[in-house]
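K.L.:
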Amino acid sequence: MADAILTMEEIEKSFPGVHALDHVHFDVRRGEVHALMGENGAGKSTLMKVLTGIYTKDYGTITYEGKEVSFNNTREAQDAGIVIVHQELNMIGDLTVAQNIFIGREFMKGFKIDDKKMIEESKKLFDELKIDINPRDKMSDLTVGKQQMCEIAKAISHQAKVIIFDEPSAALTEKEIEDLFTIIRDLREKGMAIVYISHRMDEIKVITDRVTVMRDGGYVGTLITKDCTKEDIINMMVGRVIYEDPKTESKVPKDAPVVLKVEHLNAGRMVQDVSFELRKGEILGFSGLMGAGRTETARALFGADPKTSGDIYINGEKVTINSPQDAVKHGIGYLSEDRKRYGIVVQKTITENSTMATLEKYMSGIFINKSEEKKITEHYIEELATKTPSADQLVVNLSGGNQQKVVIAKWLVRDCDILIFDEPTRGIDVGAKNEIYKLMNRLASEGKSIIMISSEMTEILRMSDRIVVMCEGKKTGELDISEATQEKIMNKATRDIA
Amino acid sequence: MKKKLLATILSAAMVMSLLAGCGGTAASEPAAAPAEEAAATEEAAPAEEAAPAEEAAATEEAAPTEEAAATEEAAPAATAGGSGEYTGGTQFDGVTAKEAYKFPVDVKSFQSTYWQAALKGMDMAKEELGVDYDAHGPNSESDIADQVNMLNSDINSNPPGIALAACDTSSVLDSLKECADKKIPVVCFDTGVADAPEGSVVATVATDNTQAGEVAAENMYKAIKDVIAKAESPVRIGEVNQDATALNIQQRGMGFVNKMTDLIEADGKKVAVVGNEFYANEAKKAHSDLVDEASADVVIEVSVPAQTTVELCSTAAQAIMSKSDTIAIFGSNQTAAEGVLAADANLSLLGSDAAAGDVIGVGFDAGSIIKGAIEDGTMYGAVTQSPLMMGYYAIYALTMAANGDKVEDFPTAGYWYDASNMNDPTIAPNLYD
Amino acid sequence: MTKKKSIITDQRFIVLLVIIALVVIYMIFSPEFRQYSSILSMLDFSYYDILMAIGVTFPLITAGVDLSIGTGMVCYALVAGRLVRDYNCPVLVAMLICVLFGAIVGLANGTLIGVMGLPPFLATLCTCMITRGISSMVMATPWPTNKQPGGWFHSIFKLTFGTGRNALKLPVGFLVCVALVLLMEFVLNHTKFGRYTIAIGSNKEALMLSGVNVKIYHVMAYVVCGIFAGLAAIAYAAVVPTVQPGTGAGLELDAIGGVFVGGVSATGGYGSVIGTLVGVFVIVLLKTGLPYVGLQANWQQIITGIVLIGAVMIDVAKRRRMAKEQ
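So the sequence lines, in the order shown, correspond to chains P, E and Z.
Quick note: the first sequence uses the working numbering, first residue 7, plus one each step.
Quick note: the second sequence uses the working numbering, first residue 246, plus one each step.
Quick note: the third sequence uses the working numbering, first residue 3, plus one each step.
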């Protein structure tokens, strides 16, 4: 405790109708990596927002470097040396990488911004992080993974003393995570205090020194990582037993009919000659590194991006899919990895979001049948255990995991036979993950066919009946679950990478 | 932060009130102006038996006749005998108001000083008759719906009579029907409403636009007659009309085209009318002997810009004036005439000596730009309406109607003015800035 | 992997080709258009459009809009003109008042939008009405013509040597506009204000989280727009004989249309002031050139609409291709 650089005590914060933080305690020391864990809506993000001045606390004290502080905005927190790497990417797509990294604190030559110096400094940063990114590239031209690396570079460039990583690994591949850990260890060596928010239990064990667990806005406890087990942490978080069995063999009957067949699909650089089959009741895992072209394949299949060539057969019949409407008409649903941009309308209620794709079902003449609409929504709220006071809650007020559940509900309501889950548990805590896994398994056993894109190896191995591996826009392998191992998959996913 | 915001709002409010104050002075100024103007006129014309300044103070009976008479005297040279028809002023002899009526007046807008001159005339009549008026107008002449709303709220106040210059003659028909039902007499000024319901419009006080167009043609022809007679190759006369749908502009435009055609043909030359289809077709109806452009001695080209902005009028004028055979151009209202002048700012073709190759520019209405151009000889001359008189007689007609007397339509003339007569006491008051 | 920017795919280059094509077509079909005086006139009526468009480029890049520049321009010109005519205000002071008045209305717009969070369309629609109303109260107010004392300000836009038909007239206003375009292009790309303007249009939330005082820069975008509307008022007064009160509504659409033709993204975040210049020229050419080839000016509206669709299509296609390349 003596060398704690930052201590938060008795922090309270209420929003209308929600007691978001209830007497929370948290501290972090120089040269340590401190994990902050908790389920969806446990209050981790809120706590960090209070710390960095985005929210004002109702009660409590924050002591930083021996002095009581209270930041009014992120700028003040940044200037003091507390920097946050956000969970949702916060990059300005129309500016270059270098411009993004130094936004708000540009080097100036009189009135003129010194872009040259910014580019040089960015290069230095990337060299330090051993990342290959051209600072002159426009941010929107980069992949999500690379954008995340820029975000980390930006945080490091702030001469920070405390860096908060809010789920940094959510969009990263195994290799990128390794790189990240190297960087984090390096920073720890230099005496920096690091707050690490993540849902990945194995990462917590590998990288962190202490773990603080929160639940429902309250402080549960702090543990020394090396002295506790995974189960200890999970029990503190959820207080229930977690289902963790990996799948060992395919549950799909050998004679199950092929519901979807994709042949020689091409769409730009990221999708080159991809062919695969999907059987009824099957969960087909798509594995690969960031930028392997999995999402692009799904988007081309779904008609969201134009494809250059390729044939798609549904139940043996050749179909044309040029737009998402076509795809939905043929019973394909797509759950985007970036739900804020593609999955939901955050300023609408859960009900409106849930029935958005199926409104025609709930019409009485020209009017929307509100009670019917609400009934089905409430059914799925219960079924998916969505945490919300009511079906009329605005989606923007829900936590990330609960937002994802709304997206899932949307497609379940639509009754699609083929569902594409793109990173279905990204940014979702362990408890909720299991609910979603169970749900996917149940859907498959009910005869739905699922394509699951995932960057988490354990998720792939646990859920899939069969696994397609992609690398740099090409399909590099296909494995049955009975023969699949982490090593085999990694081998195929990195085949062409030196 | 809140303080900053408050300060911003407060300072914004202060600026607004400052501006409102500025506007206030602007609005109140015309009331003061007539007296000054009248005084100036008095000095300029001491010999006149009844100068306007005295009129304002003089008994009501004497004023209108003299005014009309004075107008007649000044006009003859310009109106070529046409002015004889405009003696209807006698019907206003001896009019007195039975009560201190207050009439709503709906003008097309306050956009141009044209309407300010009309209000000046109303002020004169108001003083003489001991009545009052209250003028409303939309932001611009194209805000038709706004004007209809204003008219309707006037009707709801059950006034003794309404003076109306309709922005759009068909849009006011329903409202006029209501006037007829409620027995509210309406006097149309500036613009007549041809299809007005029975019993609504008791009189129309408006310029005879056909005559006004003819006046422009006659005077322009005087300046270019010799050039046409001596011309070895075909020559071109341009006309820029602000639009092709308003009745008064149509009449004015056709008055010009037809009169010009008559005059040229009388001298044995062949004429073609080209350009805007409406005008070309109308001209063919009136003159069966028109030829096509290739075989004509004189081409009259009519151009109509799509919008009523100066820049589009200017472009239309420039397109005509740039043609090497153009010898004269007529802008048939203030905006069109200003468009001709704007085009000349780059061309420098206009002048008063047609024989020397100047293009003869003729305008319409007034405004300081046109007046300035006529004064310095850039523009040959122009035709002015008499907004002052229209306003003046509109109040007289309304008072008679409110008294319950029968009123007749009262057409006012268009008067030719150029550098030589623009300071005449009978012309000058109409030449608004 | 630096992307090589091909000049062919640069929208500004395409628009420049359109301008050349238009001029060539006009010159072929109309001998009158070939005259120097026609070019002069076209330029005369382009200055205020260009100035308005330079200004409105900034709100448009922030994914906003300023509808008040048209009526505002007329309003400032009238207020200043009236000061000149009735209060013996020196012309130079009147010009400064134009700009100042524009900046104040811009500040009002910016405060409503950037600080109070009103939608730009709504906020500027209100100021559009207010400025229109004010200008109606001020009445027709001519500025001095170039022959009158104080008329020197016309020479900012056109230098005249000699008199009469053979006078040499130089459209220096074009140089003034080009200089301002280059200045604002620099401001957009190399100053904090410009960079944050782009960032606001691209991802305002992210900019805020970077610790930038977004409100100030958001307001500034509208102040700059207002200042240029004030400059446009001077240019307008210099070419239009009588500034008519209550008018100006609709003039902003030519400028806004020009900005979009010039390649500003319809969703904000991307744009260039040089693009704005070429874009506005297309609009001006369509507005003032079509009567020369015998097309009535209402064709201008139709053709401008079609050109605008074409320009936005290029933007959409460009984004789609970029997405595909990834």
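Backbone N, C-alpha and C fix where the C-beta goes; we use that ideal spot for every residue, glycine too.
To the nearest angstrom, how far is the alpha carbon of LYS217 of chain Z from that of GLY108 of chain Z?
P.N.:
Each residue's alpha carbon lies about 14 Å from the other.
K.L.:
Beta-carbon of ASN384 of chain E versus every beta-carbon of chain Z: anything under 9 Å?
P.N.:
Yes, because at least one Cβ of chain Z sits closer than 9 Å to the Cβ of ASN384 of chain E.
K.L.:
Have a look at TYR660 of chain E and VAL628 of chain E and give me their C-alpha separation to the nearest angstrom.
P.N.:
Each residue's Cα considered, the two are about 5 Å apart.
K.L.:
Write down the C-beta distance between GLU209 of chain P and VAL258 of chain P rounded to the nearest angstrom, noting that I regard them as a contact closer than 8 Å.
P.N.:
The pair is not a contact, with the Cβ atoms about 32 Å apart (cut-off 8 Å).
K.L.:
Can the beta-carbon of SER204 of chain Z be found less than 9 Å from the beta-carbon of GLY99 of chain P?
P.N.:
Yes, Cβ-Cβ distance for SER204 of chain Z and GLY99 of chain P is below 9 Å.
K.L.:
Taking only beta-carbon atoms, is GLY250 of chain Z less than 9 Å away from chain P?
P.N.:
No, no contact with chain P.
K.L.:
Considering only residues of the same chain and omitting the five flanking positions on each side of LEU229 of chain P, which have a CB-CB separation below 6 Å?
P.N.:
Here the set comprises VAL217.
K.L.:
Tell me the DSSP secondary structure of ILE210 of chain P in three-state form.
P.N.:
In the structure shown, ILE210 of chain P sits in a helix (DSSP, three-state: H, G or I).
K.L.:
Does the distance from the C-beta atom of GLN246 of chain Z to that of VAL76 of chain Z stay below 9 Å?
P.N.:
Taking 9 Å as the Cβ cut-off, GLN246 of chain Z and VAL76 of chain Z qualify as a contacting pair.
K.L.:
Can you look up HIS29 of chain P in the DSSP assignment and give me helix, strand or coil?
P.N.:
Three-state result, HIS29 of chain P: strand.
K.L.:
On the premise that LYS19 of chain P lies in contact with VAL56 of chain P, defined as a C-beta separation below 8 Å, what is that separation, rounded to the nearest angstrom?
P.N.:
The pair is a contact, with the Cβ atoms about 6 Å apart (cut-off 8 Å).
K.L.:
Mind checking who ASN272 of chain P pairs with in its DSSP beta bridge?
P.N.:
P:SER315.
K.L.:
My output table needs one value for ASP423 of chain P: the three-state DSSP class, helix, strand or coil.
P.N.:
Coil at ASP423 of chain P, not helix or strand.
K.L.:
In this structure, does DSSP put SER204 of chain P in helix, strand or coil?
P.N.:
Three-state result, SER204 of chain P: coil.
K.L.:
Tell me the rounded alpha-carbon separation between ILE308 of chain Z and VAL314 of chain Z.
P.N.:
Approximately 10 Å between the Cα atoms of the pair.
K.L.:
For GLY500 of chain E, which residues from the same chain have a beta carbon less than 6 Å from its beta carbon, with the 5 sequence-adjacent residues on both sides left out?
P.N.:
Excluding residues within five positions, the ones whose Cβ falls inside 6 Å are THR455, GLY458 and GLU459.
K.L.:
Kindly indicate which three-state DSSP category THR310 of chain E falls into: helix, strand or coil?
P.N.:
Only weak support exists for where THR310 of chain E lies, its pLDDT of 40 falling under 50; the value from the coordinates is given anyway. The answer is helix: DSSP assigns THR310 of chain E an H, G or I state.
K.L.:
Determine, using beta carbons only, whether LYS347 of chain E and PRO404 of chain E come nearer to each other than 9 Å.
P.N.:
In contact: LYS347 of chain E and PRO404 of chain E (Cβ atoms closer than 9 Å).
K.L.:
Kindly indicate the opening and closing residues of the alpha helix (DSSP H) around THR644 of chain E.
P.N.:
Run containing THR644 of chain E: 632 to 648, per the alpha helix (DSSP H) assignment.
K.L.:
Report yes or no: do the segment 465 to 481 of chain P and the segment 298 to 317 of chain P share at least 3 C-beta pairs separated by less than 8 Å?
P.N.:
Cβ pair count under 8 Å is three or more, so yes.
K.L.:
So which residues on chain P does ALA201 of chain Z lean against when the C-beta distance must stay under 7 Å?
P.N.:
The answer, in chain order, is ILE98, LEU101 and ILE109.
K.L.:
If you drop the 5 nearest sequence neighbours on each side, which residues of the same chain put their C-beta closer than 6 Å to that of GLY608 of chain E?
P.N.:
So the list reads GLY576, ALA582, ILE615, MET624 and ALA627, once near-sequence residues are dropped.
K.L.:
In three-state DSSP terms, what is THR13 of chain P?
P.N.:
Residue state, collapsed to three classes: strand.
K.L.:
Just tell me which of E:ALA541, E:ALA370 and E:SER559 has its CA closest to the CA of SER548 of chain E.
P.N.:
Per the Cα distances, E:SER559.
K.L.:
Under the three-state reduction of DSSP, which class applies to ILE459 of chain P: helix, strand or coil?
P.N.:
Reduced to three states, the DSSP call for ILE459 of chain P is strand.
K.L.:
Helix, strand or coil: which one does DSSP assign to LEU288 of chain Z?
P.N.:
Correct three-state label for LEU288 of chain Z: helix.
K.L.:
Put MET220 of chain P into one of helix, strand or coil per three-state DSSP.
P.N.:
Strand at MET220 of chain P.
K.L.:
Listing by chain order, which chain Z residues have their CB less than 8 Å from the CB of ILE119 of chain P?
P.N.:
Within 8 Å Cβ-Cβ: HIS192, THR193, LYS194 and ARG197.
K.L.:
Does PHE188 of chain Z get closer than 9 Å to chain P when you measure Cβ to Cβ?
P.N.:
Output row for PHE188 of chain Z: interface = yes.
K.L.:
Would DSSP call VAL438 of chain E helix, strand or coil?
P.N.:
VAL438 of chain E falls in the coil class under three-state DSSP.
K.L.:
I need the DSSP call for HIS381 of chain E, collapsed to helix, strand or coil.
P.N.:
HIS381 of chain E: strand per DSSP, three-state reduction.
K.L.:
Under the assumption that ASN493 of chain E contacts THR436 of chain E (Cβ atoms under 8 Å), give the Cβ distance between them as a whole number of angstroms.
P.N.:
About 6 Å separates the two Cβ atoms, so the contact holds.
K.L.:
Buried or exposed for MET118 of chain Z, going by 16 or more other Cβ atoms inside 10 Å?
P.N.:
Answer is exposed; the Cβ neighbour count stays below 16.
K.L.:
Assuming PHE283 of chain Z contacts ILE22 of chain Z under a Cβ cut-off of 8 Å, what Cβ separation, rounded to an integer in Å, is found between them?
P.N.:
Wrong, their Cβ atoms sit about 10 Å apart, outside the cutoff.
K.L.:
Round the Cβ separation of SER460 of chain P and GLY291 of chain P to the nearest angstrom and send it over; I've been treating them as touching at under 8 Å.
P.N.:
Indeed, because the Cβ distance is near 6 Å, the residues count as touching under 8 Å.
K.L.:
By the three-class DSSP mapping on this structure, what secondary structure does CYS477 of chain P have?
P.N.:
Three-state result, CYS477 of chain P: strand.
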